[in-house]
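1 is the number of the first residue of the sequence shown in full-length UniProt numbering; add one for each residue after it.
Reviewing the structure listed below.
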Amino acid sequence: MTSTRPLHLAAELAAGSGRAGPETAARTAALARIAEAAALDFLTHDDSFGGPGLDALAVLARIAPETRSVGLVPTVTTTHTEPFHVQAAVATLDWVSRGRAGWRIAVSPTGAEARLVGRRPAPPVAELWQEAGEVAEVSRKLWDSWEDDAEIRDVATGRFVDRRKLHHVDFQGATFSVRGPSIVPRPPQGHPVTVVDATRPAARDTAAHHADVALIRAASAEEAAALRAELHQGARAHGRDPGQLRVLLSLTVDLDAYEGGAGALAELIAGWHGGGAVDGFHLVPVVPERDLERFASETVARLRERGLFRTDYEGTTLRDHLGLARPVSQYATAGATA
Numbered sequence: 001m002t003s004t005r006p007l008h009l010a011a012e013l014a015a016g017s018g019r020a021g022p023e024t025a026a027r028t029a030a031l032a033r034i035a036e037a038a039a040l041d042f043l044t045h046d047d048s049f050g051g052p053g054l055d056a057l058a059v060l061a062r063i064a065p066e067t068r069s070v071g072l073v074p075t076v077t078t079t080h081t082e083p084f085h086v087q088a089a090v091a092t093l094d095w096v097s098r099g100r101a102g103w104r105i106a107v108s109p110t111g112a113e114a115r116l117v118g119r120r121p122a123p124p125v126a127e128l129w130q131e132a133g134e135v136a137e138v139s140r141k142l143w144d145s146w147e148d149d150a151e152i153r154d155v156a157t158g159r160f161v162d163r164r165k166l167h168h169v170d171f172q173g174a175t176f177s178v179r180g181p182s183i184v185p186r187p188p189q190g191h192p193v194t195v196v197d198a199t200r201p202a203a204r205d206t207a208a209h210h211a212d213v214a215l216i217r218a219a220s221a222e223e224a225a226a227l228r229a230e231l232h233q234g235a236r237a238h239g240r241d242p243g244q245l246r247v248l249l250s251l252t253v254d255l256d257a258y259e260g261g262a263g264a265l266a267e268l269i270a271g272w273h274g275g276g277a278v279d280g281f282h283l284v285p286v287v288p289e290r291d292l293e294r295f296a297s298e299t300v301a302r303l304r305e306r307g308l309f310r311t312d313y314e315g316t317t318l319r320d321h322l323g324l325a326r327p328v329s330q331y332a333t334a335g336a337t338a
């Protein structure tokens, strides 16, 4: 049986290399253009809290003006960082990219990274993911704290914003508190896309509760299908529509040594997606310059020949690519009801 669900494809840029140096901007832009020519949904850029060089969010903000359609999803660590500034940075990336931003939430569990900051020891991983979920929750509140039409920019009266359409946020989490509104107007997508790597069990509830895209790893289609069902069940338990959660398999790819090469990879993608195991694939190329190029030119071409993947983008935002609705501001909804 062939699935009629859209196939979603994404790829990693950094391939485990950690933080990028300034000299990598041109390389990253070139890779992004390859992915964009293949109409991939989005690109991730890995990061670590204690690594040297530029952070992933800064790198993707740098290349956003050099791309037009592909989604840009940097890894953002929520441990030891200030939630207010994190959400403002992600919102800014959404503005810079004109609605193509996401963020892949990560936690920092090591004592070595905790010592870099000196604020507190690293808590247990389960607590870190609970905190990450609270960061995702308050970020949505802050993104909603400006209604879509809060900016009026009335030169004659000198009024930039309609204060009636700014909303106060007073959030108390287990380890932090935040007051708003945000300093950045509501992002073009309403909420930039939230991505969570749900491979580890400790992250799965956070993914089910807060993620738009969950990344998993599995050795078989049956295992992948079971993880997808678990995430959907968790989303439903949190009062969410499971249909608004995309589950992608993260797969490390070496097309120089992968058995059967690009053709075999296309068969695997078609089979697992067609059988309903996953909504798409997140490719982690061993050598991005080689494997991303071959994936884009060979594997994607085979999928298109079978009518399984689009030939061009059909929308302008990352939410469009993923078939996700643009959220209505929770405060605007409350105001309309009142």
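We treat Cβ as the ideally placed atom computed from N, Cα and C, and that holds for glycine.
| Item | Value |
| --- | --- |
| P242 versus T157: straight-line alpha-carbon distance, rounded | 47 angstroms |
| The region 255 to 262 / the region 225 to 245 touching (three or more Cβ pairs under 8 angstroms) | no |
| Extent of the continuous beta strand (DSSP E) to which Q87 belongs | Looking at the DSSP string, Q87 is not in any beta strand (DSSP E); the run it does join, the alpha helix (DSSP H), is 83 to 96. |
| Classification of F160 by the beta-carbon crowding that lies within 10 angstroms, buried from 16 upward | exposed |
| Under the three-state DSSP convention, the category L251 falls into | strand |
| Nearest neighbour of E222, chosen from V76, V278, R68, A207 [CA to CA] | V278 |
| Whole-angstrom distance between T44 and L265, CA atom to CA atom | 20 angstroms |
| Within 8 angstroms, strictly: CB atoms of A29 and I63 | yes |
| Pick from T81, P192, E267, S139 that is closest to H321, judged by C-alpha positions | P192 |
| C-alpha gap between A38 and V300, whole angstroms | 7 angstroms |
| Selected residue, minimal CA-CA separation from residue 359, among P185, E127, V125, A136 | Because the chain is modelled from 1 through 338, residue 359 falls outside the range shown and cannot be assessed. |
| Buried or exposed (CB count within 10 angstroms, at least 16 for buried), S145 | buried |
| One or two residues paired with A146 in a DSSP bridge | The identity of residue 146 in the sequence shown is Trp, whereas the question assumes Ala. Partner(s): L166. |
| contact_flag[the region 323 to 331, the region 194 to 204] where n(CB pairs < 8 angstroms) is 3 or more | no |
| Buried or exposed (CB count within 10 angstroms, at least 16 for buried), G239 | exposed |
| Nonlocal neighbours in the same chain, by C-beta distance under 7 angstroms from P83, ignoring five residues either side | V135, V138, S139, F176, V178 |
| Residues near R60 by beta carbon distance below 7 angstroms, same chain, minus five either side | The sequence given here places Leu at residue 60; Arg does not occur at that position. H45, L72, P74, L93. |
| Pair within 8 angstroms by beta-carbon distance, A203 and W129 | yes |
| Within 8 angstroms, strictly: CB atoms of H209 and G315 | no |
| Cβ-based burial, H85 [other Cβ within 10 Å; buried from 16] | exposed |
| Span separating the alpha-carbon of P65 from that of D212 | 24 angstroms |
| 7 angstroms CB neighbourhood of I183 in its chain, flanking five on each side removed | A88 |
| Best match in T4, A11, L7 for proximity to D286 [C-alpha to C-alpha] | Just to set this straight, residue 286 is Val in the shown sequence, not Asp. Checked all of T4, A11, L7; the closest Cα to V286 is A11. |
| Secondary structure, beta strand (DSSP E): runs of 3+ residues fully inside the region 106 to 161 | 151 to 154, 159 to 161 |
| Through-space distance from V284 to R294, alpha-carbon basis | 13 angstroms |
| Where the alpha helix (DSSP H) containing A225 begins and where it ends | 221 to 237 |
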